[in-house]
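A.B. asks: Just so you know, we're using the numbering used here here: the sequence shown kicks off at 8 and counts up by one.
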Amino acid sequence: MTAAAPSGPVRRRTLHAQFVRRLLWPLVTAFVLAASVTALVGYHAEKSEQDTQRAQTLAIFARSLIKPLWDCDGATAQGIADTLAQLPIVRGVRLQDVCADTAVETGSVAAPDAADPDLLQTPVVHRDEQGRAFTVGHLAIQFHPFSVASTASQGLLQQLAIFGAMLAVVLAGAALVFRSIIGRPLARFREAILAHRPVHEDAPAPARFADELTDVTHAYDELVRELRRLARHDPLTDLGNRVVLEEHLASAIERAVTHGGHGYVLLLDLDGFKPINDTHGHAVGDFVLQTVARRLRAATRGTDMVARLGGDEFVIVAEGPQPGLSDLMVRVARAVEEPIASGAGLLRVGTSIGAARFPDDGRTSLALLMHADEAMYAAKQGKRRAPKA
């Protein structure tokens, strides 16, 4: 069974949006982890500092209570306890006065035997000149609880501001890098695909580094160039096909008309090729056609154009001054009629040639090819070994 096609239109989501979306979550996760670690480290550091501050507060106020409690000065001791209870870190105070045999409690304080980490207690001890110790009271301080949440909340806004700035910088930089490395090359690649052309019309300059996108575009360029070549060339002989022939001939006619020159169109049909192809097979026949194509190229000038129309028909466009049409036709015929050494032995083919002169015999590709075809047919009918126009 095949999967059902989606009923609605496919939602378009750009690669850049997908990139940012996938990048955002790792960044947020990294921030959460960093904030958690920072809060945990800050908690331990703050807790150590708070523990020290609590111990110092307990010791300082315990010392300040020694004299009033020793002197049985309850009013002064009460004032010190009230001052202690007003500190921001203190939740409650309980002071036992041995002299008055009373206990003063301000705020909320846990029981003396409670296992509360925020409750610190100490006896208030007076030492006389002889070094004797006398317990004159007992001080208990209930501090406000300390938590990770309170520590994290203190720097949360600052961390969020820093993270927001970093996130904006990272996303902006990532967008620029993405557009430069991926976005623009992909846009050029898409335009090239839609226009049926290579991404680089000319061979790109060699780069120091290559990436996956470069490999893909180079492979695509090579494919497009090969398809272009195959669309304009005969795959067996690598000669130009009818498309190339008509383009070249149209340009040659235009130049001849403009500059008052002339040229020739030679249409060749191989004699004796069909028996070779039927007797020895298509592989030998293809070898004969390839050999004839190479010989035609060698027998003509570099400015002349040789094309294959199909089957065993070839066309030569000779533009500009020539030694003479007859000499050209004889040279071409001799090149074709040379024996061909193959796996099936020495093979021979002949050729019937028809010629047309442009622009005298026609000013279009169709007219010239028809004229040359008629001349070639007449030559074949006459069965001459030395064809003439």
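C-beta atoms are modelled at their ideal positions from N, C-alpha and C, and glycine is treated no differently.
1. Determine, for Gly81, whether the minimum Cβ-Cβ distance to residues of chain B falls below 8 Å.
2. Looking at the structure shown, is Val116 part of a helix, part of a strand, or coil, going by DSSP?
3. Give me the Cβ distance between Val324 and Met336, rounded to the nearest whole Å; I'm assuming they're in contact under 8 Å.
4. Pull up the distance between the alpha-carbon of Ala257 and that of Asp368, whole angstroms please.
5. Looking at the strands, I want to know which residues DSSP matches up with Glu326.
6. If distances are taken between C-alpha atoms only, which option among Ala363, Val299, Pro75 comes closest to Arg341?
7. Is Leu146 closer than 8 Å to Leu65 when the C-beta atoms are compared?
8. Going by Cα to Cα distance, which pick from Thr358, Ala88, Arg304, Gln103 is closest to Val97?
9. Per DSSP, which residues does His378 bridge with? Please list them.
10. Reducing DSSP to helix, strand and coil, say where Ile189 ends up.
11. Which class does Pro95 belong to by DSSP, given the choice of helix, strand or coil?
12. Tell me the DSSP secondary structure of His151 in three-state form.
13. Please give me, in chain order, every unbroken run of the beta strand (DSSP E) with length at least 3 that falls completely inside the region 261-313.
14. Tell me, to the nearest whole angstrom, how far the beta carbon of Ala385 is from that of Ala362; I am working on the premise that it is less than 8 Å.
15. Within its chain, find whatever has a CB closer than 6 Å to the CB of Ala107; leave out the 5 residues flanking it on each side and keep chain order.
16. Whose C-alpha, out of Arg370, Val35, Asp245, is nearest the C-alpha of Gly267?
17. Which first and last residues belong to the alpha helix (DSSP H) in which Arg341 is found?
18. Pro130 to Arg70, Cα distance in whole Å?
C.D. replies: By the coordinates alone:
1. Reference to chain B is not applicable here, since this structure consists of a single protein chain.
2. The answer is coil: DSSP assigns Val116 none of H, G, I, E or B.
3. That belief does not hold up - the Cβ atoms of Val324 and Met336 are roughly 14 Å apart, past 8 Å.
4. When the Cα atoms are used, Ala257 and Asp368 turn out to be separated by approximately 14 Å.
5. Glu326 has Gly270 as its beta-bridge partners, per DSSP.
6. Nearest option by C-alpha distance: Val299.
7. Closer than 8 Å, so yes.
8. Nearest of Thr358, Ala88, Arg304, Gln103 to Val97, Cα basis: Ala88.
9. DSSP output for His378 lists no bridge partner at all.
10. In this structure, Ile189 counts as helix in the three-state DSSP scheme.
11. The three-state reading of DSSP puts Pro95 in coil, since its state is none of H, G, I, E or B.
12. Three-state DSSP puts His151 in coil, outside helix and strand.
13. The qualifying runs are 270-278.
14. 11 Å between Cβ atoms; not a contact.
15. The answer, listed in chain order, is Gly81.
16. Cα-wise, what sits closest to Gly267 is Arg370.
17. 332-344 is the span of the alpha helix (DSSP H), which, as asked, contains Arg341.
18. Rounded to whole angstroms, the gap between the alpha carbons of Pro130 and Arg70 is 10 Å.
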